[in-house]
Every structure is written in structure tokens, then in C-alpha cells.
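Accompanying notes for the structure given below.
Residue numbers (the numbering used here): 1 to 140.
Laid out in C-alpha cells, this is it:
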């Protein structure tokens with residue numbers, strides 16, 4: 001992502017809908033050879049984005065999805081930096097401070113954010129993480 005400097009998985013729908021705990025586990029085990037990766041990544045190199053990383057990713061000039069193209073000069077189109085982006089709800093790693101059974105989600109149709117029960121299923125779109133600790137950053 002040229003706007004934020006974050007490295008997102010190219011295939012935004014590789015894992016489809018998952019409950020939050022399985023989503024965290026699936027992403028933690030993501031590695032080279034999965035989801036079209038050929039980057040020599042290993043388990044532990046990928047994580048769920050925080051809600052603040054999601055907010056930095058979206059481009060509110062656009063809707064369905066609220067993303068710009070790779071250059072940041074126009075609306076996102078399939079294959080321009082990312083593929084299979086759905087205008088739906090995506091999990092973040094950010095756990096609600098009001099309820100440990102909830103985490104923040106973002107609607108990529110228009111960048112609306114809210115808490116959701118971790119037992120519900122939402123889309124999973126990993127990003128490459130460095131050494132930050134996740135999924136325990138809270139916001140609300």
C-alpha cells in the first residue's frame with residue numbers, strides 16, 4: 001500500500017469469512033506457498049491489521065470499496081495492487097476495551113467501523129507485520 005507503507009496480502013479474500021479466534025490463528029500460520037505467496041514469508045510474519053491500520057488504508061473519496069488504486073490517484077479496480085476485495089466487513093486485531101468477547105471490524109463499502117462479537121464471521125485480510133504485538137491493542 002503506497003499510502004501507508006503497509007504490505008497487505010494481494011488476495012483480500014483468500015481466507016473468506018472466519019470467526020475472530022480462527023482468523024488470528026490462520027493469519028499467524030500464513031506462509032510462503034499459501035494464498036499465492038512466493039515471498040519466502042514464514043508463520044508469524046503476517047497479522048490482522050489494527051483498526052488504526054484499517055483507517056489508514058481506506059480512502060473515503062471512494063465507496064464499494066473505500067479504496068484507491070495503487071498510485072492513490074483513482075478508484076481501486078480488481079488487480080490494481082489487490083484482488084478480490086469485497087465491500088463487506090473485515091476483522092481487525094483490535095479487541096474492544098469494553099468487552100473481551102468483541103473486536104473492531106471495518107466495512108470496506110464505506111469505511112464504517114464498529115465492534116462485533118468474536119463468534120461472528122467476517123472477512124480476513126492479513127498484512128505483513130514486523131515485531132508488533134497483536135492482537136491485543138484496544139481502542140474504544
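For every residue, glycine included, the Cβ atom is placed at its ideal position computed from N, Cα and C.
| Check | Outcome |
| --- | --- |
| Three-state secondary structure (DSSP) of residue 135 | Annotation note: pLDDT 44 at residue 135 (below 50); position unreliable, no value reported. |
| Entirely enclosed beta strand (DSSP E) segments - the stretch 40–97, minimum 3 residues | 89–95 |
| DSSP state of residue 18 mapped onto helix, strand, coil | strand |
| Contacts around residue 18, its chain only, beta-carbon distance under 7 Å, and the 5 residues preceding and following it disregarded | 26, 121, 124 |
| Per DSSP, cross-strand counterpart(s) of residue 127 | 8, 47 |
| Residue 31 to residue 5 span [Cα, whole Å] | 20 Å |
| Other residues of its chain near residue 12: CB distance less than 6 Å, five sequence neighbours each side excluded | 82, 84, 85, 125 |
| Inter-residue CB distance, residue 116 and residue 102 (contact presumed, cutoff 8 Å) | 6 Å |
| Distance between beta carbons of residue 106 and residue 54, contact taken as under 8 Å | 4 Å |
| Option nearest residue 38 by Cα separation, candidates 48, 10, 51 | 10 |
| Whole-Å CB distance - residue 66 paired with residue 59, under 8 Å assumed | 6 Å |
| CB-CB length for residue 51 against residue 92, believed under 8 Å | 4 Å |
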